[in-house]
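The next block holds one structure in the form of structure tokens; read it before the comments.
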Amino acid sequence: MDQKTFQIDEPANLRFLRRLVTLLTATMIFGLLAIFVVLVMRFSLEPSVPLPEIITLPSGATASAFTQGPNWYAVVTVENQILIFDRVTGDLHQTLQIRP
Numbered sequence: 511m512d513q514k515t516f517q518i519d520e521p522a523n524l525r526f527l528r529r530l531v532t533l534l535t536a537t538m539i540f541g542l543l544a545i546f547v548v549l550v551m552r553f554s555l556e557p558s559v560p561l562p563e564i565i566t567l568p569s570g571a572t573a574s575a576f577t578q579g580p581n582w583y584a585v586v587t588v589e590n591q592i593l594i595f596d597r598v599t600g601d602l603h604q605t606l607q608i609r610p
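All residue numbers for the sequence shown refer to the numbering used here, where the first residue is 511 and numbers rise by one.
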């Protein structure tokens, strides 16, 4: 008995769909790798502006937030005050009271 294998051509739209799924899968893999590389690069960088080594707050003040500029830094306290310090000298320049 001779067994002949018949190869059936797949329809054009099925061939197109198969190639489209392969292309979309490759695109998704590339996108995930790109996101991973960007995250690794971003988290491996050192902060651009280092935090001050010593922040001396007035007595009784407790910090709840911190922000900084090029030549100043500010501390928000739990007493609803913003304390603005000079970055170089560490002197307190201004105190702002936040209204509730």
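No residue lacks a Cβ here, since even glycine has one placed at the ideal position from N, Cα and C.
How do the region 522 to 542 and the region 569 to 579 stand: do at least 3 beta-carbon pairs fall below 8 Å, yes or no?
-> Per the Cβ contact rule, the region 522 to 542 is not in contact with the region 569 to 579 (fewer than 3 Cβ pairs under 8 Å).
In this structure, what does DSSP give as the bridge partners for Asn591?
-> Asn is not the amino acid found at residue 591; the sequence shown has Gln there. BP columns for Gln591 point to Gln607.
Grouping DSSP H, G and I as helix and E and B as strand, with all else coil, what is Ala536?
-> Ala536 falls in the helix class under three-state DSSP.
Which residues in the same chain as Val598 place their Cβ atom closer than 8 Å to its Cβ, once the five residues preceding and following it in sequence are excluded?
-> Scanning its chain for C-beta atoms nearer than 8 Å, with the 5 sequence neighbours on each side dropped, one finds around Val598 the residues Asn581, in chain order.
C-alpha gap between Asp596 and Leu555, whole angstroms = Cα to Cα, Asp596 sits roughly 26 Å from Leu555.
Which one of Leu549, Ile594 and Leu530 has the shortest CA to CA distance from Ala522?
-> The closest CA to that of Ala522, considering only Leu549, Ile594 and Leu530, is found on Leu530.
From Ile594 to Arg609, what does the alpha carbon distance come to, in whole angstroms?
-> Cα-Cα distance, rounded: 17 Å.
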